[in-house]
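These notes concern the structure reproduced below.
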Amino acid sequence: MFAAQKRERRRRRARRALPAAVVAVAAGFAAAALPLAPAHASLAHASPEPVTAGRDAVPSHTELLARIKGALNADQRQTPTDPQPSAGAASSPSAKPSADATSPSGTADPKIIGGTETTITTAPWMAQLWYSDDKGTADTSDDIGFFCGGTVVAPTKILTAAHCVKGYDWNANGAVITGTAQQPTDNSDGSVDVHGGTVSGAWRQWNHPSYSATTIDNDLAVLTLPSPVTAKPAPITTSNDTASYTAGTQATLYGWGRTSSTSQDISETLRTATLPMVSDTTCGTTYGSQFIKDHMVCAGEPASGSDTGTVAACNGDSGGPLIVGGKVVGVVSWGTTDCVAEGSYSVFTKVSTYVGAAYPRIDDTNLNGDARADLFVRRASDNTGYEYDSKGTSFATRVSWGAYSDKNVVLQADLNRDGFQDQIIRRASTGAIYWRHWVPASGSWATTLVFGNWSTRTKVVAPGDVTGDQLPDLLSVTASGTLYIYPGKGDGTFASPVAVGSGWNQYNRLLGHGDFTGDGKPDLIARSSSNSYVYLYPGTGKAGSGAFGTRIHVRTWSQYDTFATVGDITGDGKADLAARTPAGTLYVYPGTGKATSDLFGTPVTIGTGWQQYNLFG
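Shown next as structure tokens:
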């Protein structure tokens, strides 16, 4: 009897003050205001441990559980600040938004109305995001505790809504649960049961730099976890995806939000619902200027005005995914008060628009663990390898990685997407290709044979996920000039090669790491041997002969003898290129994201003396 009463008092309820006609659907809670091949010792290097840059600061499991408990039971549960567009824009009388608007800092909660319970096996990528901050005071009135949904899009990456992240310190106060369909239980003995889920801290956070808390525009964010989770990631859609957004296309919504407009109770079990996509015209007519075409998308049938006949996202579903064809096409963003206003629709962030901005944050592994790509080089005089950490427009003092003798290729990559940068190494004497990667469990580097003899391969490239399956791939050019893609399996091994085409030996440089065009697909940079023309080969996300689009002449560069593409050096979300003159001056060409001759901006001079290095990673 007593235990039952305790459970009742802890029933999770979504509360919110509604400042405008529409409200973001972030969740709030109860009483809270709301064997690979063996290693090869002969390739061992005196390399440093990866710089964790805050990864070590992620709290213990006990502390993470305490944060979850705090979010469940905070006396003053609040949800992300300013989680709804400003009032007055929903012009259509059919929407009938609520008039009980109050403060823009009120609470917003998530739910699926009209959905059904489901299991984690149907949506293994679902994540629960818990936030609890007592402000370091004994006064509980200023406590913040809230919940949002999210999607595992890589082993260490959670895609969610910006209104769940912006203005909050997730490293200090957040916890992420994956691998379970159940919300955690705050037991009567004081323990927290996560029902078999994996609990993680948040290492880093990113939200779209143009996110507006007033309009809920650009409502997208990514949390980086300190260690990979085993949950199967869901791929995000591509920038050229239009079919998924065609009116009438059936999409699937997942979340733990409220289940009724007349109750603040949210679901303790993951729920799902099927919603048809809605045309921009219809959504724009409903919401007026609050709906921003190309940045937002609506889904669902027009709400009936009550629970009966309504299927919609609601408070607590914020940040969760809208899925079409197995890919994330939307992120739950906002909707009308209580989610069932007659004629209204659920509103989502249109993911295809933001692929270019999000991809660099999803695939941003680098040597020192921050959000900028770093540079690996080898000194010719003694074969010592060095790490140069990017500071945006310069590099920090180099860090030695020990001797890299008998190597003629060293490339930076993250083949297993574990958040630690790997190296692809070719041995000069044998042509063997090795995968060198950090193993957190043992606190050491492992070196694994990948291919036996690639001595006749004229070029080796590690551009990232070329085929669009979320797993990094490897490319090589044969002696006859044929380019092959080796599709990665995510564990340092590769599937059978797929030919792209011939004629690739016309280039004296072929390289790529990252997305140069801003469409979320890795590209290649090639320089012609005959005239020093530099070409962009835009990635298409496909394998085989269609892997790259028609080349685009972007520069003529005879003044440089070495190039390096390691990703986003400047930290602006666009892939960059480093170029060195024979005299040893190094430049960084910032990427613009434009698939034109304006691919690169004005170069930044890094400095001189770089002629001492004969390998660039």
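Mapped onto mature numbering (1 follows the signal peptide of the UniProt record, and there is no 0), the consecutive letters of the sequence shown carry residue numbers -32 to -1, 1 to 585.
Beta carbons are placed, not taken as given, at the ideal position from N, Cα and C, and that holds for glycine.
| Query | Result |
| --- | --- |
| Ser565 to Val502 span [Cα, whole Å] | 10 Å |
| Whether Ile204 touches Ile330 by CB criterion (9 Å) | yes |
| Backbone secondary structure at Glu31 - three-state DSSP | helix |
| Ser15 versus Arg385 - alpha carbon distance | 20 Å |
| Arg519 versus Leu554: straight-line alpha-carbon distance, rounded | 26 Å |
| Reduced DSSP secondary structure (H/G/I, E/B, other) of Gly577 | coil |
| Ala463: CB within 8 Å of a non-hydrogen atom of the ligand SAM | This structure lacks the ligand SAM; in fact it carries no ligand of any kind. |
| Of the residues Gly284, Trp224, Pro550 and Leu193, the one placed nearest Ser301, counting alpha carbons only | Gly284 |
| Sequence ranges, beta strand (DSSP E) only - wholly within the region 179 to 227, length at least 3 | 189 to 192 and 218 to 223 |
| Whole-angstrom distance between Arg172 and Ala396, CA atom to CA atom | 38 Å |
| Classification of Ala447 by the beta-carbon crowding that lies within 10 angstroms, buried from 16 upward | exposed |
| Nearest residue (CA-CA) to Ser423, options Tyr402, Gly169, Lys295 and Arg548 | Tyr402 |
| Assigned exposure category for Asp433 - 16 Cβ within 10 Å defines buried | buried |
| Run of the alpha helix (DSSP H) containing Tyr327, from where it starts to where it stops | Val323 to Ile330 |
| C-beta contact flag for Gly488 and Thr533 at 9 Å | no |
| Close beta carbons around Ala199, own chain, < 7 Å, minus the five adjacent residues each side | Pro92, Trp93, Val120, Thr146 and Gly147 |
| Rounded C-alpha distance that separates Trp224 from Gln96 | 9 Å |
| The region 362 to 369 contacting the region 524 to 532, beta-carbon criterion three pairs below 8 Å | no |
| Other residues of its chain near Gly581: CB distance less than 7 Å, five sequence neighbours each side excluded | According to the sequence provided, residue 581 is Tyr. The question's Gly does not apply to it. Counting only Cβ-Cβ distances below 7 Å, and skipping sequence neighbours, we find Val345, Arg346, Arg347 and Ala348. |
| Alpha-carbon spacing of Val323 relative to Ser207, whole angstroms | 6 Å |
| Under the three-state DSSP convention, the category Ala494 falls into | strand |
| Where Gly164 falls, given that 16 or more other Cβ within 10 Å makes a residue buried | exposed |
| Burial state of Pro123, where buried means 16 or more other Cβ atoms lie within 10 Å | buried |
| Gln438 in three-state terms, based on DSSP | coil |
| CA nearest to the CA of Leu33, picked from Asn155, Cys132, Gly82 and Thr128 | Asn155 |
| Residues that Leu381 bridges to, as DSSP identifies them | Leu is not the amino acid found at residue 381; the sequence shown has Ala there. Ala381 is bridged to Asp390. |
| Identified DSSP bridge partners for Cys266 | Val246 and Val315 |
| Candidates Thr86, Gly216 and Val167: closest to His29 by CA position | Val167 |
| Residue range of the unbroken alpha helix (DSSP H) whose run includes Asn139 | Trp138 to Asn141 |
| Phe419 - containing beta strand (DSSP E), residue span | Ser412 to Phe419 |
| Residues of its chain near Tyr327, where Cβ-Cβ distance is below 7 Å and the 5 sequence neighbours each way are ignored | Asp483 and Gly488 |
| Cβ shell of Val297 (< 6 Å), same chain only, five flanking positions each side left out | Thr205, Ser212, Leu290 and Val319 |
| Assumed close pair Ala189, Cys251 - CB separation to whole angstroms, cut-off 8 Å | Not really, about 22 Å apart at Cβ, beyond 8 Å. |
| Stretch pair the region 448 to 457 + the region 468 to 479: three plus CB contacts closer than 8 Å | yes |
| Limits of the unbroken beta strand (DSSP E) element including Val121 | Ile112 to Ala122 |
| Three-state secondary structure assigned by DSSP to Ser526 | coil |
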